[in-house]
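Notes to accompany the following structure.
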Amino acid sequence: MEQVSINQRDLFLVPFPFSNLKGSKVRPVLILSKNDFNLRSEDVLVCSLTSNTIEGRYKLNITNNDLENGELYNKCAIKIENIAKINKGLLLKNIGKIKETTFSKVLNNLIKIFQ
1 MEQVSINQRD
11 LFLVPFPFSN
21 LKGSKVRPVL
31 ILSKNDFNLR
41 SEDVLVCSLT
51 SNTIEGRYKL
61 NITNNDLENG
71 ELYNKCAIKI
81 ENIAKINKGL
91 LLKNIGKIKE
101 TTFSKVLNNL
111 IKIFQ
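Using this note's numbering, you'd call the opening residue of the sequence shown number 1 and step up by one each time.
Right, here's the structure in full:
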C-alpha cells in the first residue's frame, strides 16, 4: 500500500468514534498534530467536522474560502472540542487542507478550552 503523506491542517475522512465509544461514523477530520509527530507516531490527533453549523463556543464554521486546496460539498464547522487520537491506518481519504489563518483560529479556540 502506498504511503500517504499526513500533514497538520489536512482534512481526511475517517470513521470517527462517538463520545460513548459505542460505534463510529465516517466524517471529515482536521489533523491537529505537528508533522514531526505525524511522521514518528502510528496515530494522529484530530478534531471532527460537522454539517451542523449552528453557532457554538467551540465551533468554527468554514467554507471553501478557508481551504488551501480541496473542496467542501456542504457547509460545515470544525468541532474544536471534539478531539481524538486516531490510528493512521483508519484515515480513508485526504479531502483537502485548511489555510494557515483558519488553523490559527482553531488553535486559539483550542487553547481557550484549557485556560
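From the three backbone atoms N, C-alpha and C, an ideal C-beta is built for every residue, glycine too.
Source: prediction; values computed, not measured.
Buried or exposed: which applies to S24, given that a residue is buried once 16 or more other Cβ atoms fall within 10 Å of its Cβ? exposed
DSSP three-state call for M1: helix, strand or coil? Its pLDDT being 41, under 50, M1 is placed unreliably in this model, and the value from its coordinates should be taken loosely. Correct three-state label for M1: coil.
From the DSSP output, in three-state form, read off E100 for me. helix
Which of helix, strand or coil DSSP assigns to L39: helix
How is I86 classed by DSSP in three states: helix, strand or coil? strand
What distance in whole Å lies between the Cβ atoms of L91 and V14, which are believed to be in contact at a cut-off of 8 Å? 5 Å
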